[in-house]
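Participant:
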Amino acid sequence: MSVFLKVLAWAWCVMLVPMAIGAASQGAIVALILILVALAAVIPIEWARQKRSELGLTGKRAFWTGTVVSIFAFGVFGASMPETPEQKVEREKREAAAKIEAKANAERTQKEAKAEEKRQAIIASEAAQKKAAERASGLHCLSAWDGSNRSMVDAVQNRLRDPDSFKHYETRIGKIDKKGEHLLIMEYGARNGFGGMNRQVAMGVVNGETCDARVTSLGE
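Letter 29 of the sequence shown, counting from 1, is numbered 29 in the UniProt record's numbering, and no numbers are missing.
(1) Let me check understanding here. Comparing Cα to Cα, which of GLU170, GLU83, SER143 and PRO82 lies closest to ASP212?
(2) Evaluate contact between the stretch 143-152 and the stretch 90-110, counting only Cβ atoms and requiring at least three cross-stretch pairs below 8 Å.
(3) Return helix, strand or coil for THR109, following the three-state DSSP convention.
(4) Which residue's Cα is closest to the Cα of residue 247: GLY208, ARG191 and GLU116?
(5) Taking 7 Å as the line, does the beta carbon of ASN192 fall inside it for any heavy atom of the ligand ZN?
(6) If the criterion is Cβ atoms closer than 8 Å, does the pair HIS168 and GLY208 meet it?
(7) Could you name the residues of the same chain whose beta carbon sits closer than 6 Å to that of GLY174, not counting the 5 residues immediately before and after it, in chain order?
(8) Inspect the beta-carbon positions of GLU155 and VAL215 and report whether they are closer than 8 Å.
(9) Please give me, in chain order, every unbroken run of the beta strand (DSSP E) with length at least 3 that falls completely inside the stretch 148-198.
(10) Please list, in chain order, all residues of the same chain as ILE176 whose beta carbon is under 6 Å from its beta carbon, the five residues on each side excluded.
(11) Based on DSSP bridge pairs, tell me the residues matched to SER217.
(12) Excluding the 5 residues flanking PHE166 on each side, which residues of the same chain have their C-beta closer than 8 Å to its C-beta?
(13) Take ASP162 and list the residues in its own chain whose beta-carbon comes closer than 7 Å to its own, dropping the five residues that flank it on each side.
(14) Taking the C-alpha atoms as reference points, what is the distance between SER151 and GLY180?
(15) Under a three-way DSSP split, which group does LEU139 fall into?
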C-alpha cells in the first residue's frame, strides 16, 4: 500500500476524533467507529492484518472495503453534526414561511368552502321559491302535454252520457287560496243525445298538494 494512502487514512482519523468529541452526538460516535473500522481495513497494523485475513479481506478487497466504509462514515458524521447559528436562522425562516403558507392555505380553503356553501344556499333558496311560485299558480297540477287536469277529466267523463266522446279544449286554473285549493275551469266537448258535439264548461276545485279535483259545476 502506498505511503500516501496510509497518511491520508491517519489524517482522517486525526481530523475526525476531535470533531466527534466536539459534536458529542450518537451519530458522530457511530461515524468515528466506522472510520476506525475503515482504517483497520487499510492500515497494516498486525492485529488488523490478522482480522482482515480471518474475514478474507486482503489486498484490493481490503482497500475498497475500507473506502466504502469511510464514505458511509463521512455521511453519517455529516448528518449528525449540530447546525450552525446561520443554519438555525435559515431553518427557522423556512419553518416560519411554511407556517404562514399553511395558515394562508387553510384560510383560503375555509373562505372557498363558505363561498360554496353560500352559493348552494342561494341555489336551494331560488329552487324553493320557484317551486313555491309554481305551486301557488297551480300549474304543477296541469298536464304538460295538453294543459288538462287528469283528475278533473276523469270526474267529468264519468258523468257524461257518452264518455268516449269527451274532448278537452282548455283548462284554466286560479292561484291557491287560503284553504290550499285552486279554482279550475275546464272547457270540453261531448256528444249530446242527438249525436251532435256540444262545447261545455265544467268548474271545480283542485287540492294544491295532491292535485285531486272535485267537480262543483258541470255544464249540460
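Every residue gets a Cβ at the ideal spot worked out from N, C-alpha and C, and that includes glycine.
Facilitator: In this structure, then:
(1) Along the sequence shown, one-based indexing puts residue 212 at 212. Per the Cα distances, SER143.
(2) When C-beta atoms of the stretch 143-152 are compared with those of the stretch 90-110, fewer than three pairs fall below 8 Å, so the two segments do not count as touching.
(3) One-based indexing of the sequence shown puts residue 109 at position 109. Looking at THR109 - three-state DSSP - the assignment turns out to be helix.
(4) Because the chain in this structure spans residues 1 to 220, residue 247 falls outside the shown range and cannot be described.
(5) With respect to the ligand ZN, the structure offers nothing, as it holds no ligand at all.
(6) Numbered from 1 along the sequence shown, position 168 holds the residue referred to as residue 168. Numbered from 1 along the sequence shown, position 208 holds the residue referred to as residue 208. No, Cβ-Cβ distance for HIS168 and GLY208 is not below 8 Å.
(7) Stepping through the sequence shown from its first residue, residue 174 is reached at position 174. Excluding residues within five positions, the ones whose Cβ falls inside 6 Å are HIS182 and LEU183.
(8) The residue labelled residue 155 in the question sits at position 155 within the sequence shown. The residue labelled residue 215 in the question sits at position 215 within the sequence shown. Checking the sequence shown, residue 155 turns out to be Ala, not Glu. A contact, by the Cβ cut-off of 8 Å.
(9) 167-173 and 181-191
(10) For the purposes of this step, residue 176 is identified with residue 176 of the sequence shown, where counting begins at 1. The residues ALA136, HIS182 and GLY208, in chain order, have a CB closer than 6 Å to that of ILE176 in the same chain once the five nearest residues on each side in sequence are set aside.
(11) Within the sequence shown, the letter at position 217 stands for residue 217. Answer is MET203.
(12) Within the sequence shown, numbered from 1, the residue matching residue 166 stands at position 166. If we look at PHE166 and ignore the five residues flanking it on each side, its Cβ neighbours are VAL153, VAL156, GLN157, LEU160, TYR188, GLY189 and ALA190.
(13) Here residue 162 refers to the residue found at position 162 when the sequence shown is read from its first residue. So the list reads ALA190 and ARG191, once near-sequence residues are dropped.
(14) As a working note, residue 151 is residue 151 in the sequence shown. As a working note, residue 180 is residue 180 in the sequence shown. One C-alpha to the other measures close to 17 Å.
(15) As a working note, residue 139 is residue 139 in the sequence shown. Of the three classes helix, strand and coil, the one that applies to LEU139 here is helix, per DSSP.
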